[in-house]
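From first to last, the protein sequence lines are chains V, A, B and X.
Start counting the first sequence at 11; every next residue gets the next number (my numbering).
Start counting the second sequence at 11; every next residue gets the next number (my numbering).
Start counting the third sequence at 11; every next residue gets the next number (my numbering).
Start counting the fourth sequence at 11; every next residue gets the next number (my numbering).
Beta carbons are placed, not taken as given, at the ideal position from N, Cα and C, and that holds for glycine.
Single-structure report; data block below.
Number of protein chains: 4
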Amino acid sequence: MLGERAHLRVAVLGASGYAGGELVRLLLAHPNVEIAHLAANESAGRALAEIHPHLATSPVGGRVLASLEAASAADEASFAFLSLPHGASAAFAPALLDAGLRVVDLAGDFRLSAAAYPAWYGFEHPAPAWLEKAVYGLPEVFADQIAVASLVANPGCYPTPVVLGLAPLLAAGLIGPGPVVVDGKTGLSGAGRALAEATSYATTEESVRPYRFPMHQHTPEMERVLELASGIPVAISFVPHLVPSVRGVLVTCYAPLASGSTTESLTGCLASAYESAPFVRVLPPGEMVDTKRTRGSNLVELQAVADRRTGTAIVAGALDNLVKGAAGQAVQNMNLMAGFEQTTGLTATAMYP
Amino acid sequence: MLGERAHLRVAVLGASGYAGGELVRLLLAHPNVEIAHLAANESAGRALAEIHPHLATSPVGGRVLASLEAASAADEASFAFLSLPHGASAAFAPALLDAGLRVVDLAGDFRLSAAAYPAWYGFEHPAPAWLEKAVYGLPEVFADQIAVASLVANPGCYPTPVVLGLAPLLAAGLIGPGPVVVDGKTGLSGAGRALAEATSYATTEESVRPYRFPMHQHTPEMERVLELASGIPVAISFVPHLVPSVRGVLVTCYAPLASGSTTESLTGCLASAYESAPFVRVLPPGEMVDTKRTRGSNLVELQAVADRRTGTAIVAGALDNLVKGAAGQAVQNMNLMAGFEQTTGLTATAMYP
Amino acid sequence: MLGERAHLRVAVLGASGYAGGELVRLLLAHPNVEIAHLAANESAGRALAEIHPHLATSPVGGRVLASLEAASAADEASFAFLSLPHGASAAFAPALLDAGLRVVDLAGDFRLSAAAYPAWYGFEHPAPAWLEKAVYGLPEVFADQIAVASLVANPGCYPTPVVLGLAPLLAAGLIGPGPVVVDGKTGLSGAGRALAEATSYATTEESVRPYRFPMHQHTPEMERVLELASGIPVAISFVPHLVPSVRGVLVTCYAPLASGSTTESLTGCLASAYESAPFVRVLPPGEMVDTKRTRGSNLVELQAVADRRTGTAIVAGALDNLVKGAAGQAVQNMNLMAGFEQTTGLTATAMYP
Amino acid sequence: MLGERAHLRVAVLGASGYAGGELVRLLLAHPNVEIAHLAANESAGRALAEIHPHLATSPVGGRVLASLEAASAADEASFAFLSLPHGASAAFAPALLDAGLRVVDLAGDFRLSAAAYPAWYGFEHPAPAWLEKAVYGLPEVFADQIAVASLVANPGCYPTPVVLGLAPLLAAGLIGPGPVVVDGKTGLSGAGRALAEATSYATTEESVRPYRFPMHQHTPEMERVLELASGIPVAISFVPHLVPSVRGVLVTCYAPLASGSTTESLTGCLASAYESAPFVRVLPPGEMVDTKRTRGSNLVELQAVADRRTGTAIVAGALDNLVKGAAGQAVQNMNLMAGFEQTTGLTATAMYP
């Protein structure tokens with residue numbers, strides 16, 4: 011553990027999107043971090059406050075975004091968050107790593123095996139050697155490996171609650187074997203900042219709709235990491251939906267219930283798995299998860315119910331997709347990598363209502 | 011078929027809730043109906059416009075709501091819509107039926123077998139003889155029986171798209187056997203008009219949350235009617251969710267995919283089942299259902315996808331819970347019972363955006 | 011008055027935007043209209059259902075949009091709605107009129123004097139002769155002129171409730187003289203269908219913000235028509251705001267209160283002005299206007315309060331910007347021009363909740 | 011200025027409402043504060059986490075709310091926030107003050123002269139002597155008096171941006187004399203946590219509506235404090251509106267423009283007035299205020315425009331009604347009273363989107 015005044019000089023590469031803005035918001039509240047480098051692609055040359063007006067009065071509001079260049083990032087920082095579109099990260103990360111920076115990648119570019127990229131992301135992976143060294147950045151499961159990693163693949167917003175909710179139950183034999191259904195719901199910030207009629211207010215209000223199924227790229231990520239975490243292979247049928255909200259991911263998972271499992275045994279298993287996890291709240295039987303209670307915080311809420319009538323375990327999880335589902339989890343990973351307390355800079359409670 | 015000027019004198023009993031208001035809205039646009047009697051329980055004695063200010067300028071805005079009395083309803087009307095809370099309908103319907111009215115009940119009181127009521131609704135059914143005679147009012151499946159029924163049980167909002175989406179596939183052997191998962195999402199009008207912190211604006215905006223599972227009363231309704239419609243028993247694990255919307259129900263159903271079934275065969279089966287159904291739109295592969303496109307109309311959208319990788323058939327359905335999920339379907343049932351074209355008064359397209 | 015079966019063959023030119031879609035929705039419910047021609051600019055060649063999926067199951071869902079050509083429109087229709095962007099209507103209308111069609115223009119191109127266009131709309135008016143002949147299509151005020159007009163300028167969404175609310179009070183001397191403040195609030199459909207970050211869901215939810223003031227183009231329209239309607243010149247300071255809603259315009263007008271005026275005298279004046287106006291509801295003192303109660307209907311709600319403490323008359327008005335603020339009012343104008351009852355096809359009550 | 015480790019033991023009396031919950035959220039992030047006492051009226055005896063589930067994982071989530079008793083509060087704390095309903099504060103504050111606590115009252119009970127309470131709040135003020143000693147807690151204007159006050163009246167959500175926006179312009183003679191119009195828009199958290207049909211989700215979505223005018227109790231507060239701050243008496247006609255949002259207050263003020271005033275002179279006057287005010291952002295000409303950019307932060311955005319055509323100065327202001335409009339401003343006042351930097355614990359930027 012470093013002393014209280016230890017400072018890490020960090021770079022945010024891809025600062026113009028929603029996750030980039032959220033990273034800056036969280037890093038501004040972090041006592042051991044200096045935002046040393048801000049860069050973007052199309053927005054390079056513009057002030058941060060033009061891109062994120064809500065940060066206008068912050069200490070970095072006037073900072074001009076640099077172009078994406080590994081060398082300048084390495085000059086100014088020793089740690090980098092990569093928040094670029096899928097595909098761009100894989101191409102850019104090696105130069106940063108070679109320049110000696112440690113990296114948390116918020117894209118999906120270091121989460122799967124190389125073989126999976128063509129089918130699920132549509133590209134051949136350009137850096138398979140780094141891919142092998144990347145650690146999956148789910149701190150509640152892989153903390154030790156994260157602490158010493160050079161490259162951490164920050165998890166997707168959907169896989170985070172799915173893996174946290176199912177892995178302990180799989181490992182304990184309380185659910186499975188057999189296929190799992192994951193039904194996801196997300197707010198519109200999950201669709202990113204690019205313009206599209208599908209994300210306009212007039213199109214979205216009063217609209218509930220599935221999208222990009224059954225080939226959403228978070229499916230193989232869930233399957234791979236669940237097996238990694240529990241040792242048990244799982245096939246997942248996943249349908250994500252857009253609902254009229256800005257933040258919030260809720261997943262409802264349906265798995266075969268092992269005979270003898272009850273709501274109490276499922277809940278107890280999760281509660282003991284996350285006893286010392288500061289950002290996981292396992293709800294007592296009867297209470298329902300709610301995305302709104304996680305908004306702006308790094309919290310995940312988990313809930314498990316045994317539907318014994320049909321032999322189904324139902325596990326629901328909720329989080330803020332921009333915090334525990336992206337920027338907050340990235341900061342948590344940085345804390346582990348830098349030797350800070352993992353809660354440093356992440357103690358804000360949810361904003362409610 | 012009656013002549014164009016045939017008029018039916020109808021009563022709406024329970025006119026003060028959201029479904030009651032929607033019934034009045036739709037009946038005002040029906041060319042063969044006279045709204046002859048409007049009654050309510052706690053709101054008796056008040057003008058309709060006080061209860062539903064959006065109907066203030068309508069021809070019935072000034073009408074005073076009568077008390078709930080079978081005799082007065084029978085004096086003024088020959089057909090009744092019952093829109094009372096669960097439990098109240100079962101107690102009240104027999105008097106209406108004995109007085110010679112034909113009845114569509116919008117509550118859940120005539121949808122299950124008598125044996126199921128204590129467990130799922132919490133009461134012993136008070137009128138088991140009428141329960142046996144009740145016809146399930148899903149016109150796309152039971153039109154002939156509805157036409158001659160005295161008492162029609164209007165379907166629940168969730169069961170309507172689930173049964174429409176799964177029954178033809180089950181009957182054709184394209185899905186099953188095996189357990190089915192139904193993940194439901196609804197807007198807040200589905201929670202009714204009663205006050206609760208859970209339905210306030212401040213609580214609901216940015217909130218996605220499951221509720222009342224695994225014992226939601228629509229579960230046995232889906233199971234029973236699917237078996238009735240397809241001949242095949244099905245066990246359903248159902249989790250409903252509240253999302254920040256006023257109208258709209260979306261269900262996502264996950265069933266075992268029969269070997270050989272494809273997205274095309276599933277879609278084709280549904281398309282031919284509803285070829286002549288005026289209110290069912292089966293989407294071509296690639297297009298996604300959307301609650302917003304059904305808002306204010308009696309339409310159901312259905313979509314089927316074969317996730318062959320995991321052996322799962324995914325069927326999604328969307329409707330407006332107050333129209334095809336309640337008042338619109340009730341009017342459709344009335345049309346069949348009265349010998350009108352089933353689309354009469356229900357041709358309005360959705361209001362978009 | 012034409013017979014019940016009289017049919018008017020109408021064209022909708024500019025069918026791809028929100029107002030165009032709403033025109034089609036309303037015309038489909040009109041018993042005396044045949045939608046004979048549908049045309050658009052960039053969307054020409056595509057099916058209506060591709061552009062407006064909520065109309066897919068309607069009788070015109072499969073119709074292919076024609077290009078914008080006056081000759082083809084005139085071949086198929088005798089009446090045209092022009093729903094093109096500002097500037098495009100003024101350029102296109104003369105050809106339609108010369109071809110003998112009667113025209114209702116939903117843009118702002120025929121609402122002001124020629125001299126006002128450069129400053130408020132940024133173009134020299136290309137058809138000043140037609141501009142002189144155009145009649146302002148506010149049926150509650152100019153019904154007689156509308157009935158015989160060839161070219162009707164459909165009012166703006168904001169000017170409609172402002173003129174309806176203030177003109178009778180000005181004419182009666184109950185308010186003014188002196189400057190008037192108009193504070194407007196609108197939902198996002200008023201911003202049109204074009205893509206912009208400002209209209210995305212993530213940007214709009216939880217956002218209240220003014221826009222384009224003090225030079226919004228509805229300002230001179232309000233001033234001009236108020237003088238036309240009341241004989242009294244008025245200077246208006248107008249600030250419109252975007253609020254998180256899809257439909258709905260609410261205006262709150264603040265005018266000098268004539269001495270002696272009371273809430274009762276203001277309300278009474280409005281009530282008697284609109285005694286026989288089917289689409290205007292003047293609220294009794296104490297009741298508050300609400301955009302939601304007008305949604306999907308052609309209704310305007312008006313409310314007047316005398317703030318005698320400060321000498322201010324406060325007049326609030328609410329409507330659905332796509333119906334009474336655009337397409338519904340256009341159909342009402344068409345009814346007057348064609349000799350139909352002005353309520354024909356427009357009797358639907360609001361959809362609530 | 012106290013040392014970095016100075017701690018203040020504070021009480022929150024009325025911890026169960028939205029403002030109470032927000033106070034706890036902000037105080038948890040304050041480095042110099044210990045939350046020593048939490049009390050409520052009806053919720054006494056329940057755990058904080060039951061009342062505010064989003065605080066369940068915070069250090070005070072398990073704390074049981076005490077009853078409202080001045081003696082116990084004084085035993086545990088030396089500083090109190092009163093967040094009780096209007097009327098209850100005035101009755102309770104004297105006991106706290108007599109027990110030696112310094113108090114910030116978030117209700118309206120110490121903002122007006124005693125003579126104004128019967129007409130605007132409906133009660134005779136029970137503690138006129140304390141009322142005389144109370145200081146109006148707008149730190150940007152009254153910092154010196156606040157620093158030494160025993161009792162601070164925390165401003166209302168609407169008066170805060172109105173006074174900040176107009177006082178410097180009045181004092182400089184850039185606006186007025188003459189009547190001012192204030193048009194306010196607020197989200198639903200401003201209506202508090204009590205249940206009402208008017209605040210349900212189904213009633214509120216797609217609804218824009220005025221309320222409680224022209225006698226809203228913030229009117230005399232604006233008039234009184236503007237005169238206090240500028241020396242110039244002003245009559246205000248104020249209409250507040252509810253819009254579909256949870257947080258956010260936007261005010262649009264219309265005042266007579268002094269001849270010679272321009273957008274630049276108005277903006278320059280505000281900019282220099284708030285040069286060293288950490289929580290006021292004066293926007294450059296052309297940029298528009300937006301409530302969303304202030305959400306969760308203690309920021310006020312101000313914008314001024316000269317509508318020279320009509321002789322009107324338009325000043326718009328935006329803030330988060332629960333932060334700068336309530337709990338955040340209360341903490342800012344506490345900071346001044348305790349000798350902390352006024353920004354301590356309040357540096358969080360807005361949560362966006």
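The region 160–172 of chain A / the region 325–337 of chain A touching (three or more Cβ pairs under 8 Å): yes
Residue-level contact to chain X via CB, alanine 40/V, 8 Å cutoff: Start at 1 with the first residue of the first sequence, and residue 40/V comes out as number 30. Reading the sequence as shown, one finds histidine at residue 40/V and not alanine. Not an interface residue.
For alanine 109/V and glutamate 150/X, the rounded distance between their alpha carbons: Position 140 of the fourth sequence, counted from the start, is the residue given in the question as residue 150/X. Position 99 of the first sequence, counted from the start, is the residue given in the question as residue 109/V. Cα to Cα, glutamate 150/X sits roughly 48 Å from alanine 109/V.
Beta bridge counterpart(s) of isoleucine 324/A as assigned by DSSP: Taking the second sequence and counting its residues from 1, one reaches residue 324/A at position 314. Beta-bridge pairing links isoleucine 324/A to Tyr264/A and Val315/A.
Residues, ordered as in the chain, of the region 339–357 of chain B that lie near chain A by beta-carbon distance below 7 Å: none
For threonine 67/V and proline 295/X, the rounded distance between their alpha carbons: Numbered from 1 along the fourth sequence, position 285 holds the residue referred to as residue 295/X. Numbered from 1 along the first sequence, position 57 holds the residue referred to as residue 67/V. In a straight line, the C-alpha of proline 295/X is about 17 Å away from that of threonine 67/V.
Rounded C-alpha distance that separates glycine 31/B from glycine 202/B: Residue 31/B sits at position 21 when you count from the first residue of the third sequence. Residue 202/B sits at position 192 when you count from the first residue of the third sequence. Approximately 12 Å between the Cα atoms of the pair.
DSSP three-state assignment for tyrosine 284/A, whether helix, strand or coil: As a working mapping, residue 284/A is identified with position 274 in the second sequence. Coil at tyrosine 284/A, not helix or strand.
Alpha carbon of methionine 11/V to alpha carbon of arginine 35/V, nearest angstrom: Counting from one through the first sequence, the residue named residue 11/V turns up at place 1. Counting from one through the first sequence, the residue named residue 35/V turns up at place 25. Confidence in methionine 11/V is poor, its pLDDT being 41 and thus under 50, which makes the residue's placement too unreliable to answer from.
Members of the region 203–227 of chain V that neighbour chain B once the beta carbon cut-off is set at 9 Å: Arg203, Leu205, Ala206, Glu207, Thr209, Ser210, Tyr211, Ala212, Thr213, Thr214, Glu215 and Glu216
Distance CB(histidine 226/V)-CB(lysine 195/A) smaller than 8 Å: For the purposes of this step, residue 226/V is identified with residue 216 of the first sequence, where counting begins at 1. For the purposes of this step, residue 195/A is identified with residue 185 of the second sequence, where counting begins at 1. Cβ atoms of histidine 226/V and lysine 195/A: not closer than 8 Å.
Residue closest to valine 261/X, alpha-carbon to alpha-carbon, out of Asp193/X, Ala16/X and Ile324/X: By one-based count along the fourth sequence, residue 261/X stands at place 251. Ranking Asp193/X, Ala16/X and Ile324/X by Cα distance to valine 261/X puts Asp193/X first.
Collapsed DSSP secondary structure at glycine 200/A in the structure displayed: Translated into positions along the second sequence, residue 200/A becomes position 190. In the structure shown, glycine 200/A sits in a helix (DSSP, three-state: H, G or I).
Continuous alpha helix (DSSP H) stretch holding histidine 226/V: start and end: To locate residue 226/V, count along the first sequence from 1; it is residue 216. No alpha helix (DSSP H) contains histidine 226/V, which DSSP labels as neither H nor E.
Length of the line joining the Cα atoms of serine 247/V and alanine 206/A: Position 237 of the first sequence, counting from 1, holds the residue named residue 247/V. Position 196 of the second sequence, counting from 1, holds the residue named residue 206/A. Each residue's alpha carbon lies about 35 Å from the other.
Heavy atom of the ligand FAD within 7 Å of glycine 183/V beta-carbon: The ligand FAD is not part of the structure shown, which contains no ligands of any sort.
Separation of cysteine 263/V from tryptophan 130/A, as counted between CA atoms: What you label residue 130/A is simply residue 120 of the second sequence in a count that begins at 1. What you label residue 263/V is simply residue 253 of the first sequence in a count that begins at 1. Each residue's Cα considered, the two are about 23 Å apart.
Strand pairing of aspartate 108/V, partner residues [DSSP]: Residue numbering aside, residue 108/V sits at position 98 when the first sequence is read from its first letter. Per DSSP, none; premise fails for aspartate 108/V.
Residue nearest to alanine 80/X in terms of C-alpha spacing, selected from Ala314/X, Ala101/X and Phe133/X: Against the fourth sequence, residue 80/X aligns to sequence position 70. For alanine 80/X, the nearest C-alpha among the options comes from Ala101/X.
For cysteine 279/V, the nearest candidate out of Leu180/V, Gly27/V and Trp140/V (CA to CA): Here residue 279/V refers to the residue found at position 269 when the first sequence is read from its first residue. Closest by alpha carbon: Leu180/V.
Simplified DSSP assignment, three categories, for alanine 57/A: Walking along the second sequence from the start, residue 57/A turns up at place 47. Strand, per DSSP.
Residues of the region 291–309 of chain V with Cβ closer than 7 Å to any Cβ of chain A, in chain order: Met298, Val299, Asp300, Thr301, Lys302 and Arg305
DSSP three-state assignment for valine 333/V, whether helix, strand or coil: Taking the first sequence and counting its residues from 1, the one referred to as residue 333/V is at position 323. Three-state result, valine 333/V: helix.
Test: valine 256/X CB closer than 8 Å to a CB of chain A: Indexing the fourth sequence from 1 puts residue 256/X at position 246. By this cut-off, valine 256/X is an interface position.
Helix, strand or coil at glycine 13/V [DSSP, three-state]: Taking the first sequence and counting its residues from 1, one reaches residue 13/V at position 3. Interpretation of glycine 13/V is limited by its pLDDT of 46, a score under 50 that renders its predicted location unreliable; no figure is taken from the coordinates.
Residue from Leu236/B, Ala157/B, Ala239/B and Leu161/B with nearest C-alpha to alanine 139/B: Counted from its first residue, the third sequence places residue 139/B at position 129. The candidate whose alpha carbon is nearest that of alanine 139/B is Leu161/B.
Proximity winner among Val145/V, Gly306/V, Val259/V and Pro224/V, relative to valine 315/A (alpha-carbon distances): By one-based count along the second sequence, residue 315/A stands at place 305. If we check each option's Cα against that of valine 315/A, Pro224/V comes out closest.
Distance between glutamate 86/B and leucine 198/V (C-alpha atoms, nearest Å): For this step, residue 198/V is matched to residue 188 along the first sequence. For this step, residue 86/B is matched to residue 76 along the third sequence. So the two alpha carbons sit approximately 43 Å from each other.
Proline 138/B - DSSP class collapsed to helix/strand/coil: Counted from its first residue, the third sequence places residue 138/B at position 128. Looking at proline 138/B - three-state DSSP - the assignment turns out to be helix.
Proximity below 8 Å, CB of histidine 96/B to CB of alanine 117/B: Stepping through the third sequence from its first residue, residue 96/B is reached at position 86. Stepping through the third sequence from its first residue, residue 117/B is reached at position 107. For histidine 96/B and alanine 117/B, yes; Cβs fall inside 8 Å.
8 Å Cβ cutoff, serine 199/B in contact with chain V: For the purposes of this step, residue 199/B is taken as the residue at position 189 of the third sequence. Yes, because at least one Cβ of chain V sits closer than 8 Å to the Cβ of serine 199/B.
Residue interval of the beta strand (DSSP E) (run including valine 249/X): For the purposes of this step, residue 249/X is identified with residue 239 of the fourth sequence, where counting begins at 1. Per DSSP, valine 249/X belongs to the beta strand (DSSP E) from 246–252.
Under 8 Å from the C-beta of alanine 326/X: neighbouring residues of chain B: The sequence position of residue 326/X within the fourth sequence is 316, counting from 1. The answer, in chain order, is Pro220 and Val249.
CB contact check: alanine 360/A to chain B, cutoff 8 Å: As a working note, residue 360/A is residue 350 in the second sequence. It does: the Cβ of alanine 360/A has a partner Cβ on chain B nearer than 8 Å.
Whole-angstrom distance between methionine 361/B and glutamate 231/X, CA atom to CA atom: Start at 1 with the first residue of the fourth sequence, and residue 231/X comes out as number 221. Start at 1 with the first residue of the third sequence, and residue 361/B comes out as number 351. Cα-Cα distance, rounded: 39 Å.
Through-space distance from valine 235/V to alanine 163/V, alpha-carbon basis: Sequence index remark: in the first sequence, residue 163/V carries index 153 (1-based). Sequence index remark: in the first sequence, residue 235/V carries index 225 (1-based). Rounded to whole angstroms, alanine 163/V to valine 235/V spans 12 Å at the Cα level.
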